[in-house]
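K.L.:
Residue numbers (our numbering): 11 to 639.
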């Protein structure tokens with residue numbers, strides 16, 4: 011099938027709209043993980059409208075073990091197979107605390123009981139089952155020192171000081187004894203260094219990467235020999251994509267274990283005991299997991315027999331390599347999770363655990379197809395169409411991903427599925443600056459916010475028009491975070507292309523955004539300065555690229571939503587824009603919401619989606635689900 015051929019979907023007059031409640035809010039089952047001994051499964055689960063952790067033997071029953079009324083965004087098993095470690099903040103403020111919850115009794119302990127301090131779980135180790143390594147900015151909001159914390163007592167021991175290291179992307183790397191072995195440090199030029207720690211606690215540079223390598227470098231684990239390091243980096247001669255490598259800390263020599271010529275290594279499956287790299291995921295139009303050992307290859311082969319045409323990935327296993335979890339991804343179905351048991355008979359090794367949103371199985375989900383185009387300067391661009399019922403042309407929504415250092419993927423996207431179900435063609439494109447396509451593609455977006463990055467979005471809309479996919483005068487632009495900024499740029503710079511725009515937690519003024527970087531992102535200031543602009547030297551450029559500067563030029567309806575506790579894009583970014591819109595008499599809706607940066611509880615998210623649905627229907631004539639309670 012050619013990626014640009016659009017065979018019409020047949021409209022089904024009896025088809026029901028997919029209820030918003032099934033697509034949004036916490037999934038019923040998400041991010042499952044096997045206990046280290048392989049006897050229990052833990053996963054994130056919807057519980058009274060929020061996300062909690064359920065635990066039980068494979069197949070159930072599963073009991074909720076975390077306290078109600080608090081959203082759990084991430085968890086990990088402790089190596090004792092008795093505790094789950096959960097990060098909890100307050101209404102999206104990102105001051106996470108690390109809690110240990112006993113899965114047998116439900117008793118919990120705050121391992122980081124310090125007010126206003128952010129805790130980031132770094133590592134666990136089977137050699138120290140009662141301890142965890144945690145990064146805490148306890149003594150300085152800009153620095154995350156490494157501490158070993160004892161689960162049974164809460165005792166906290168300083169292991170290493172943060173000497174200007176970053177906190178994003180796995181800064182600290184520990185060995186099996188939970189001793190800090192390596193760290194990442196951003197350079198003043200916006201590059202990155204891999205530092206290794208000597209026996210005396212001193213640091214030495216083992217690898218240097220330039221500005222193009224900063225976003226594509228992350229530490230993974232100490233290797234099987236207990237000395238060398240596994241990492242993903244693009245700081246390798248002979249190409250610009252991120253490769254899985256092994257680094258000799260003494261010589262700085264890099265051994266490339268896997269590299270794709272066109273796409274970055276996206277994910278790496280590591281052995282929980284010895285740190286061996288067992289598989290890598292490379293994602294082009296679809297995601298492919300490439301086994302690096304025979305056991306993973308056998309798990310994938312067995313699961314493929316029952317999974318059909320979908321993307322499969324082994325995402326974890328127990329420490330004995332007996333049981334593995336496998337994820338099945340397909341845009342037209344919920345994510346499905348399988349348990350593979352190598353000791354079972356051949357016909358019984360694979361069993362279905364659950365779907366992440368099982369209620370969607372009763373509904374027809376829209377088709378999602380990749381497409382390609384060339385930007386006006388010849389740069390190849392890749393994206394996805396999510397198709398509504400009926401025949402083209404359709405009213406359309408250009409849905410812009412956040413980051414901007416992220417990408418769209420071939421999977422069920424709740425936002426895209428919801429919009430297509432309401433009758434809109436959904437256009438998503440990985441514009442320059444997106445990740446996954448190599449460091450040169452990311453660098454093509456440097457200092458191009460509101461300029462060439464926006465040109466790629468315009469080129470995508472015009473491509474859809476030339477192909478007859480979209481109704482020219484019924485196209486909206488919508489996004490969250492950077493995507494919200496892009497929607498504001500569309501409303502200010504190219505309003506003739508769009509009927510309306512939707513900004514969700516997007517910055518309106520790059521000057522105030524960069525001036526208000528959270529303290530715990532201070533080490534990333536060089537990256538933002540290099541890739542977006544310097545607030546001091548580039549003030550004129552940042553003002554020219556800021557939608558707030560051109561707010562009076564907006565002449566299309568605008569919807570603005572903002573989390574009132576957002577620490578990344580503060581509330582003032584929305585309020586200064588709304589004040590300017592009000593002063594200029596521009597039609598707009600403003601919806602402040604309890605929550606953080608695009609993180610809301612179920613009731614709040616459903617309120618937001620209902621308001622958005624009515625806004626889009628009013629301007630694009632799509633379908634509307636009747637209001638719920």
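Ideal Cβ placement from N, Cα and C applies to all residues, glycine included.
Remember, it's a predicted structure, so these values are computed and weren't measured experimentally.
Could you give the distance in angstroms between the alpha-carbon of residue 178 and the alpha-carbon of residue 26?
P.N.:
For residue 178, the pLDDT reaches just 47, beneath the cut-off of 50, and the residue's location in the model is therefore unreliable, leaving the point undetermined.
K.L.:
Would the beta-carbon of residue 380 fall within 9 Å of that of residue 393?
P.N.:
Yes; because the gap between Cβ atoms is below 9 Å, this pair is in contact.
K.L.:
Which two residues bound the contiguous beta strand (DSSP E) that contains residue 107?
P.N.:
Segment 107–112, the beta strand (DSSP E) holding residue 107.
K.L.:
Under 6 Å Cβ to Cβ from residue 517, same chain only, skipping five residues before and after it: list those, please.
P.N.:
Here the set comprises 495, 523, 579, 583.
K.L.:
Which residues mark the beginning and the end of the alpha helix (DSSP H) in which residue 424 is found?
P.N.:
Residue 424 -> alpha helix (DSSP H) spans 424–431.
K.L.:
Leaving out five residues before and five after residue 303 in sequence, what residues of the same chain have Cβ atoms less than 6 Å from its Cβ?
P.N.:
Only 288 meet the Cβ criterion.
K.L.:
According to DSSP, is residue 449 part of a helix, a strand, or is it coil?
P.N.:
Helix.
K.L.:
Under the three-state reduction of DSSP, which class applies to residue 339: helix, strand or coil?
P.N.:
Note: residue 339 maps to strand in three-state DSSP.
K.L.:
Assign residue 226 to one of two classes, buried (16 or more other C-beta atoms within 10 Å of its C-beta) or exposed (fewer than that).
P.N.:
Buried.
K.L.:
Using the three-state DSSP reduction, which class does residue 301 fall into: helix, strand or coil?
P.N.:
It is a strand residue.
K.L.:
Would you kindly report the start and end of the unbroken alpha helix (DSSP H) that includes residue 623?
P.N.:
Where residue 623 is concerned, the enclosing alpha helix (DSSP H) stretches over 612–630.
K.L.:
Can you give the Cα-Cα distance for residue 147 and residue 359, rounded to whole angstroms?
P.N.:
Approximately 45 Å between the Cα atoms of the pair.
K.L.:
Does residue 656 pass the burial test, meaning 16 or more other C-beta atoms within 10 Å, or should it be called exposed?
P.N.:
This structure cannot settle anything about residue 656, because the visible part of the chain is limited to 11 through 639.
K.L.:
Look up residue 149 in the DSSP assignment and say whether it is helix, strand or coil.
P.N.:
Coil at residue 149, not helix or strand.
K.L.:
Kindly indicate which residue of 125, 86, 307 has the alpha-carbon position closest to the one of residue 110.
P.N.:
When each option's Cα is compared against that of residue 110, the closest is 86.
K.L.:
Output needed for residue 120: all residues of its chain with C-beta closer than 7 Å, excluding positions within five of it in sequence on either side, in chain order.
P.N.:
So the list reads 107, 109, once near-sequence residues are dropped.
K.L.:
Within 10 Å of its beta-carbon, does residue 58 have 16 or more other beta-carbons around it, so buried, or fewer, so exposed?
P.N.:
With fewer than 16 other Cβ atoms within 10 Å, it is exposed.
K.L.:
Here's the rule: buried if 16 or more other CB atoms are within 10 angstroms of the residue's CB, otherwise exposed. What is residue 191?
P.N.:
Answer is buried; the Cβ neighbour count reaches 16.
K.L.:
What does residue 513 pair with, by DSSP beta-bridge criteria?
P.N.:
Beta-bridge pairing links residue 513 to 489, 570.
K.L.:
By Cβ distance, which residues of its chain are closer than 8 Å to residue 152, with the 5 residues on each side in sequence left out?
P.N.:
These residues qualify, in order along the chain: 529, 530, 532, 533.
K.L.:
Verify whether the separation of the beta carbon atoms of residue 297 and residue 323 is less than 9 Å.
P.N.:
Yes, the Cβ-Cβ distance between residue 297 and residue 323 is below 9 Å.
K.L.:
State whether the segment 432–440 contacts the segment 398–410, with contact taken as three or more CB pairs (one from each stretch) at a distance under 8 Å.
P.N.:
Yes, since at least three Cβ pairs between the segment 432–440 and the segment 398–410 fall closer than 8 Å, the two stretches touch.
K.L.:
By Cβ distance, which residues of its chain are closer than 7 Å to residue 126, with the 5 residues on each side in sequence left out?
P.N.:
Contacts found: 105.
K.L.:
If residue 627 and residue 566 are in contact, beta carbons under 8 Å, what's the gap, nearest whole angstrom?
P.N.:
Incorrect: roughly 16 Å between the Cβ atoms, too far for contact.
K.L.:
Would you report the Cα separation of residue 668 and residue 499, rounded to the nearest angstrom?
P.N.:
Residue 668 is absent from the model: the chain starts at 11 and stops at 639.
K.L.:
Grab the span of the alpha helix (DSSP H) containing residue 31 for me, first residue to last.
P.N.:
Where residue 31 is concerned, the enclosing alpha helix (DSSP H) stretches over 30–33.
K.L.:
I need the straight-line Cα distance from residue 624 to residue 95, nearest angstrom please.
P.N.:
Each residue's Cα considered, the two are about 40 Å apart.
K.L.:
The beta strand (DSSP E) with residue 182 in it runs from where to where?
P.N.:
Counting along the chain, the beta strand (DSSP E) containing residue 182 begins and ends at 182–184.
K.L.:
Specify the secondary structure class of residue 465 as computed by DSSP and reduced to three states.
P.N.:
Correct three-state label for residue 465: helix.
K.L.:
Per DSSP, which residues does residue 58 bridge with? Please list them.
P.N.:
For residue 58, which the question treats as bridged, DSSP gives no partner whatsoever.
K.L.:
Which full runs of the beta strand (DSSP E) of 3+ residues lie inside the segment 533–614, going along the chain?
P.N.:
Those beta strand (DSSP E) runs which fall completely within the segment 533–614 and span 3+ residues are 568–573, 598–603.
K.L.:
Quick one: Cα of residue 474 to Cα of residue 514, how far?
P.N.:
Taking the straight line joining both Cα atoms gives about 24 Å.
K.L.:
Check whether the segment 475–484 touches the segment 543–553, counting contact only when three or more Cβ pairs, one atom from each stretch, lie closer than 8 Å.
P.N.:
In short, these stretches do not touch, since the Cβ pair count stays below three.
K.L.:
Identify, in the order they occur along the chain, each residue of the same chain with its Cβ nearer than 7 Å to the Cβ of residue 40, setting aside the five sequence neighbours on each side.
P.N.:
Here the set comprises 53, 54, 366.
K.L.:
Considering only C-alpha positions, which residue in the set 43, 596, 28, 81 is nearest to residue 606?
P.N.:
Minimum Cα distance to residue 606 is reached at 81.
K.L.:
Mapping the DSSP letters down to three states, classify residue 505 as helix, strand or coil.
P.N.:
Here residue 505 sits in helix by DSSP.
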